[in-house]
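The opening residue of the sequence shown carries number 1 in my numbering; numbering runs sequentially from there.
Using N, Cα and C, we set each Cβ at its ideal position, and we do this for glycine too.
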Amino acid sequence: MEAKHCIIIGSGPAGYTAAIYAARANMNPLLFTGAEPGGQLMITTEVENFPGYPKGVHGPVLMEDLQKQAERFGTEIRYERITGVDLNGPLHKLWTESGEILHTHSVIIATGASAKWLGLESEKRLLNKGVSACAVCDGFFFKGMDVAVVGGGDTAAEEASYLSKLCTKVHLLVRKDYMRASKIMQERVQNTPNITIHWNTETVEIKGDQEVDAVHINNVLTNEKSTIPVKAFFVAIGHSPNSQPFNGWLDMDEQMYLKTIAGTSRTNRDGVFACGDVQDRVYRQAVTAAGSGCMAALDAERYLTASGIL
Ligand code: NDP
């Protein structure tokens with residue numbers, strides 16, 4: 001089989017934006033959606049901060065639009081996962097889950113990250129009905145209400161701080177007697193009057209039938225149980241980048257986020273580019289992912305041109 005010019009792995013805002021640019025640059029991109037076509041936005045309801053939608057847009061609708069835009073310019077889409085790679089180059093090899101081996105001159109990795117969840121049945125049942133992993137996305141819907149955030153890292157501190165400006169009260173549930181967040185974020189949280197930190201606290205259950213009504217908690221030191229009325233429950237216990245298939249091939253940080261050369265989407269392998277949340281532990285927004293997808297396609301195009309392939 002003839003080698004492809006460009007294979008894009010992932011179908012969130014980064015992957016589809018890369019596809020739009022790559023297709024318009026005559027790179028004939030082939031995009032693999034992965035196991036969760038559309039990525040994290042498929043589990044969000046209203047997206048109000050993506051520029052260009054003054055009335056907001058449903059996450060799944062936005063992703064469908066991005067897919068259509070990528071297809072309009074000739075992107076080929078396969079609803080499959082890439083399970084293995086050989087990035088020794090210059091021709092890169094990719095294995096699909098059905099066992100096919102593909103060759104490509106360039107690869108754009110846009111596999112995203114997945115929020116970590118507590119694993120409670122009630123958390124799954126009430127997802128998008130008050131349970132969320134993104135305060136910036138969903139906090140606005142709980143303006144003037146009481147909410148809870150679980151976690152003790154920088155993300156939890158940042159989410160609690162963000163929510164404190166919108167919500168009446170924020171209950172921060174920390175499972176130990178200290179927070180892992182940076183000192184400055186801890187101080188900010190501790191000095192915000194409408195944030196209450198519940199130390200040594202685990203979540204037993206999120207209460208509610210059609211929507212979140214309360215959270216049932218347990219103090220792990222005293223075994224004292226209590227119920228706090230809240231309308232939303234934000235899980236902020238970290239994200240995992242979906243970088244497993246590239247382990248051993250690409251430089252990663254200690255949490256397995258792919259490393260890119262600053263100001264570019266280039267990885268440590270020629271012809272291999274990364275964009276979106278798989279290489280971004282800080283911003284993690286749809287619009288920043290889309291922007292980095294554009295960068296990856298432009299970097300790939302320049303690479304193919306410089307190599308005499310395009
Ligand atoms: P972290 O891994 O740093 O923290 C996760 C937190 O969640 C910890 O407090 C952990 O508790 C807690 N936790 C994990 N599992 C559970 C569970 N099952 N139940 C209850 N609590 C749980 O993740 P973050 O997303 O906060 O941060 C990831 C990285 O990104 C960090 O390096 C952080 O500094 C960085 N970051 C930087 C930002 C910035 O600079 N603006 C913003 C956001 C993140 P425990 O401590 O007990 O393990």
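The ligand NDP heavy atom lying under 7 Å from the CB of residue i
{"i": "A156", "result": "yes"}
{"i": "G152", "result": "yes"}
{"i": "V282", "result": "yes"}
{"i": "G276", "result": "no"}
{"i": "S114", "result": "no"}
{"i": "L118", "result": "yes"}
{"i": "H171", "result": "no"}
{"i": "H239", "result": "yes"}
{"i": "M256", "result": "no"}
{"i": "K124", "result": "no"}
{"i": "R72", "result": "no"}
{"i": "K129", "result": "no"}
{"i": "R188", "result": "no"}
{"i": "M295", "result": "no"}
{"i": "G182", "result": "Residue identity differs from the one stated: residue 182 is Ser in this sequence, not Gly. Indeed, a heavy atom of the ligand NDP lies less than 7 Å from the Cβ."}
{"i": "M252", "result": "no"}
{"i": "K259", "result": "no"}
{"i": "M27", "result": "no"}
{"i": "M179", "result": "yes"}
{"i": "R175", "result": "yes"}
Residues bridged to residue i [DSSP beta-bridge criterion]
{"i": "N218", "result": "E202 and K225"}
{"i": "I7", "result": "L30 and V107"}
{"i": "F142", "result": "Answer is none; F142 lacks a bridge partner."}
{"i": "A148", "result": "H171 and F233"}
{"i": "R78", "result": "F32"}
{"i": "P241", "result": "A113"}
{"i": "L127", "result": "V131"}
{"i": "I101", "result": "W95"}
{"i": "E46", "result": "H58"}
Cβ shell of residue i (< 8 Å), same chain only, five flanking positions each side left out
{"i": "T196", "result": "K169, V170, H171 and L172"}
{"i": "K207", "result": "S122, D213, A214, V215, H216 and T227"}
{"i": "T201", "result": "L173, V174, R175, I217, N218, N219 and V220"}
{"i": "F140", "result": "E48 and L166"}
{"i": "Q190", "result": "I197"}
{"i": "G89", "result": "R269, D270, G271 and V272"}
{"i": "K231", "result": "G130, F142, M145, D146, V147, E211, V212 and D213"}
{"i": "N247", "result": "M256"}
{"i": "M1", "result": "L102 and H103"}
Neighbourhood of residue i by C-beta distance below 6 Å, restricted to the same chain and skipping five residues each side
{"i": "C6", "result": "A22, M27, P29, S106 and A300"}
{"i": "L163", "result": "A135, G139, V147 and V170"}
{"i": "R281", "result": "Y257"}
{"i": "L87", "result": "W249, R269 and V272"}
{"i": "F234", "result": "S132, A135, V149 and E159"}
{"i": "K225", "result": "N218"}
{"i": "T44", "result": "G59 and C137"}
{"i": "G151", "result": "A236 and I237"}
Residue i in three-state terms, based on DSSP
{"i": "R266", "result": "strand"}
{"i": "V196", "result": "Residue identity check: residue 196 is Thr in the sequence provided, not Val. Three-state result, T196: strand."}
{"i": "I309", "result": "coil"}
{"i": "D253", "result": "coil"}
{"i": "T96", "result": "strand"}
{"i": "D299", "result": "helix"}
{"i": "G84", "result": "strand"}
{"i": "L163", "result": "helix"}
{"i": "V61", "result": "helix"}
{"i": "E121", "result": "helix"}
{"i": "I261", "result": "coil"}
{"i": "K55", "result": "coil"}
{"i": "A19", "result": "helix"}
{"i": "A274", "result": "strand"}
{"i": "K207", "result": "strand"}
{"i": "P37", "result": "coil"}
{"i": "V189", "result": "helix"}
{"i": "Q285", "result": "coil"}
{"i": "A181", "result": "coil"}
{"i": "P13", "result": "helix"}
{"i": "A70", "result": "helix"}
Own chain residues within Cβ distance below 7 Å of residue i, not counting five before or after
{"i": "A3", "result": "L91, H103, T104 and H105"}
{"i": "L304", "result": "H5, M27, H105, S106 and L310"}
{"i": "F50", "result": "V57, L62, A286 and V287"}
{"i": "A19", "result": "I8, P29, L31, A70 and T75"}
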